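To convert a position in the sequence shown, counted from 1, into this note's numbering, add 4. We put the beta carbon where it would ideally sit given N, CA and C, even for glycine. All of these numbers come straight from a predicted model, not from anything done at the bench.
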Amino acid sequence: MTERNAARAGATGLLKTHKALVLGSAVVAVVLVAALVSLVWTPYPIDVLSVPDRLKGSSLAHPLGTDQFGRDMLSMLMVGARTSIAVALLAVGIGILVGVPLGLVAAARGGWLDEGVMRANDLVFAFPALLSAVMITAILGPGAVNAILAIGIFNIPVFARVARGGALSLKSREFVLAAQVAGKGEIRIIAEHILPNIANLLIVQGTIQFSLGILAEAGLSYVGLGAQPPLASWGRMLNEAQTMMALAPSLALYPGLAIVVTVLGLNLMGDGLRDLLDPRLKRRVA
């Protein structure tokens, strides 16, 4: 009974002190569940057109109605969530796997290597993220894979800069100097001492880039450079709804709300994680 009360008190304390984290995590969890369920089941197949069912309103058979091709909107939103999450997640993965090692090595070595990495980052940042993604996908061709590459390339300098800044702030700390005196090599110091201490920065930045990745995927799909039919995408659903705004404005409302709610949930979760993981904020609250 005591353990149950302690767990309940801990959950209540987390809800009170980190409302943004709890709310954002709940929203993201709902979207993730919908995306995972769509891997094995959707109310209706999204690649089957049904002209007699086109533009139907909400009903028991179709809770969110149907689009101009007779496809079930709830099924389309579920598969669109899967597409957006997959593209954003893989793009963030590319940024972490390439950018973090680059930033850590640049901070450890310094000199011309550090300067070269930073100037390459500045070159990428000189172009807006969405414009760079549009340019890359226009060259490589439309498709989900190329969208992942385009968004991932922009994520690389973001994570490189965060990793480099965190590593430089720790480079002169006593525990790092003690590891150097003990004879540990650069790779071992990075793996054992620096990377664990900047993990919180990378996690928070990851949630931010995840939300930006969903926006970028929606933007690319909206202009026809993202996921291609028959794969559903929130951005392409918005594009297809443009011509039907007078007859069925809900066709644009549902995917637009899905994008807004998902990005809002990720931003709330990122803010909550920052507050939870940043020791300076913990001391300030205490």
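Check whether the Cβ atoms of residue i and residue j sit closer than 8 angstroms, and answer yes or no.
i: GLU221; j: ILE155; result: yes
i: LEU281; j: ASN204; result: yes
i: LEU53; j: SER62; result: no
i: GLY210; j: TYR226; result: no
i: ALA148; j: LEU270; result: no
i: ALA110; j: ARG168; result: yes
i: LEU242; j: ALA256; result: yes
i: VAL121; j: LEU106; result: yes
Taking the alpha carbon of residue i as the reference point, which residue from the options has its own alpha carbon closest?
i: PRO47; options: PHE163, MET80, VAL128 and SER54; result: MET80
i: SER237; options: MET82, PRO49, SER54 and VAL37; result: MET82
i: PHE73; options: ALA65, LEU59, GLY84 and GLY269; result: LEU59
i: THR266; options: HIS22, ALA250 and VAL37; result: VAL37
i: GLY97; options: ASP275, VAL32, SER173 and PRO161; result: PRO161
i: LEU272; options: LEU43, ALA250, ILE212 and LEU135; result: ILE212
i: ALA177; options: ILE193, MET77, LEU106 and GLY274; result: Correcting the residue identity first, residue 177 is Arg in this sequence and not Ala. Nearest option by C-alpha distance: ILE193.
i: ALA137; options: ILE157, ASP126, ASP118 and ARG123; result: ILE157
i: ALA112; options: GLU190, LEU127 and GLY276; result: GLU190
i: LEU224; options: ILE152, LEU268, PHE214 and VAL264; result: ILE152
i: ASP118; options: PRO146, ALA164, ASN159 and GLY276; result: ALA164
i: LEU251; options: ASP71, VAL32 and TRP116; result: ASP71
i: ILE218; options: ALA30, SER42 and VAL35; result: VAL35
i: ARG75; options: VAL128, LYS175, ALA65 and ILE50; result: ILE50
i: LEU216; options: ALA95, GLY260 and LEU101; result: ALA95
i: ALA39; options: ASP275, LEU27, GLY84 and VAL31; result: GLY84
i: GLY114; options: VAL32, LYS175 and ASP57; result: LYS175
Starting from the C-beta of residue i, find all residues in its chain whose C-beta is less than 6 angstroms away, skip the five residues before and the five after it, and write them out in chain order.
i: VAL166; result: LEU205 and GLN209
i: LEU199; result: none
i: LEU78; result: PRO47, PRO67 and LEU68
i: LEU108; result: ALA167, ALA171 and ILE194
i: LYS23; result: none
i: VAL104; result: PHE163 and ALA167
i: GLY188; result: Note that residue 188 is Lys in the sequence shown here, rather than Gly. Counting only Cβ-Cβ distances below 6 angstroms, and skipping sequence neighbours, we find nothing.
i: ALA245; result: LEU255 and ALA256
i: SER29; result: MET273
By Cβ distance, which residues of its chain are closer than 7 angstroms to residue i, with the 5 residues on each side in sequence left out?
i: TYR258; result: LEU68, MET77 and LEU81
i: GLY99; result: GLY156, ASN159, ILE160, VAL162, PHE163 and GLN213
i: GLU196; result: none
i: LEU277; result: LEU25, ILE207, VAL208 and THR211
i: VAL41; result: MET82
i: LEU43; result: ARG86
i: THR141; result: ASN150, ALA151, ALA154, LEU224 and LEU229
i: VAL55; result: GLY74
i: MET248; result: GLN72 and LEU255
i: PHE129; result: PRO161
i: VAL102; result: ILE160
i: GLY4; result: Given a span of 5 to 290 for the chain in the structure shown, any question on residue 4 remains unanswerable.
Between residue i and the rest of its own chain, which residues show a CB-CB distance below 8 angstroms, the 5 nearest in sequence each way excluded?
i: PHE131; result: MET139
i: ALA124; result: PRO161
Check whether the stretch 231-251 touches the stretch 83-90, counting contact only when three or more Cβ pairs, one atom from each stretch, lie closer than 8 angstroms. Per the Cβ contact rule, the stretch 231-251 is in contact with the stretch 83-90 (3 or more Cβ pairs under 8 angstroms).
The stretch 204-218 in contact with the stretch 177-187 per 3-pair CB rule at 8 angstroms: No, the stretch 204-218 is not in contact with the stretch 177-187.
Can you check the stretch 17-46 for any beta strand (DSSP E) of at least 3 residues that lies completely inside it and give the ranges in chain order? Complete beta strand (DSSP E) runs here, min 3: none at all.
Taking the runs of the alpha helix (DSSP H) that are 4 residues or longer, which of them lie wholly in the stretch 142-218? Here the runs fully enclosed are 148-175, 178-185 and 190-193.
Start-end ranges of the alpha helix (DSSP H) lying completely within the stretch 242-270, minimum 4 residues: Runs of the alpha helix (DSSP H) inside the stretch 242-270: none found.
Completely contained alpha helix (DSSP H) runs for the stretch 75-137, where each covers 4 or more residues: List check, alpha helix (DSSP H) in window: 77-98, 104-113 and 115-129.
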